[in-house]
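Numbering-wise (my numbering), the sequence shown opens with residue 344 and increments by one. Cβ coordinates follow ideal geometry from the N, Cα and C atoms, glycine included. In this text the structure is predicted, and so the values were computed from the model without any measurement.
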Amino acid sequence: MKKNDLGQFYTPQPIAKFMAEWVLQNNSKTLLDPAVGLGVFLLESKKICPDIQITSFEIDDETSEKLTELCKFSFNLHRTDYLNYFSDKKYSSIICNPPYNKFQQIPNRKKYIKMFQDKYGIKLSGYSNSYIYFLIKSVNELKEGARCCYIIPYEFFNTG
344 MKKNDLGQFY TPQPIAKFMA EWVLQNNSKT LLDPAVGLGV FLLESKKICP DIQITSFEID
404 DETSEKLTEL CKFSFNLHRT DYLNYFSDKK YSSIICNPPY NKFQQIPNRK KYIKMFQDKY
464 GIKLSGYSNS YIYFLIKSVN ELKEGARCCY IIPYEFFNTG
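Encoded structure:
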C-alpha cells in the first residue's frame, strides 16, 4: 500500500517531543500509539520515560519493518488494523497522529459504523473521516486519570 492510500502523514520530531512531554506528565506506566508509523512518538517517549511499556499498531508491513530497525528497544507491535483489534486493556497514556482518510476512502466504512454503534453506542455519520474512529476507540481505552494526545485536523471544529 502507498502512504497516501493509508492516509499517513508523519509527525515532525519537535511536535512529537512536545506531545510526548505533555502526555507523559501523569507518571505513565503504559503508552499506546494506535498508528505508530516510523515511531517518532515512541522514540521521544522512551527518552522521557525509559521504563514505559509501549503498545503500538501499524497496518503497513513496509513501515513496520523500518520501525523495528529504527527502534532498538522493546515494545509491543501489532501488525494489524487498530480499528479491528479489541481487548480490555486500558492505558495511562495514548498518543497518536492517526490516518486521515476521507469517508470515501475508508474500505468497509459501513462495517465500522455498525461496529462502533454496537460497541460504544455511538451512531457515526457515513461521512466521518478515519481519524474519528481512532479517537473514539482510544478515548474508550484510557484508564482513569489518563491522558490522550492526538493530532486532529482543524475540520474537526467545523462539523455538525
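- For Y434, DSSP records a beta bridge to L485.
- Non-local C-beta neighbours of L426 in its own chain, meaning closer than 6 Å and more than five positions away in sequence, comprise Y476, ordered along the chain.
- Our two residues, Y463 and Q396, have alpha carbons roughly 26 Å apart in a direct line.
- Around the beta carbon of E408, a 10 Å sphere encloses fewer than 16 other beta carbons of the protein chains shown; the residue is thus reported as exposed.
- With fewer than 16 other CB atoms across the displayed protein chains lying within 10 angstroms of its CB, D424 is exposed.
- Taking 9 Å as the cut-off, the Cβ atoms of N483 and N444 do not count as close.
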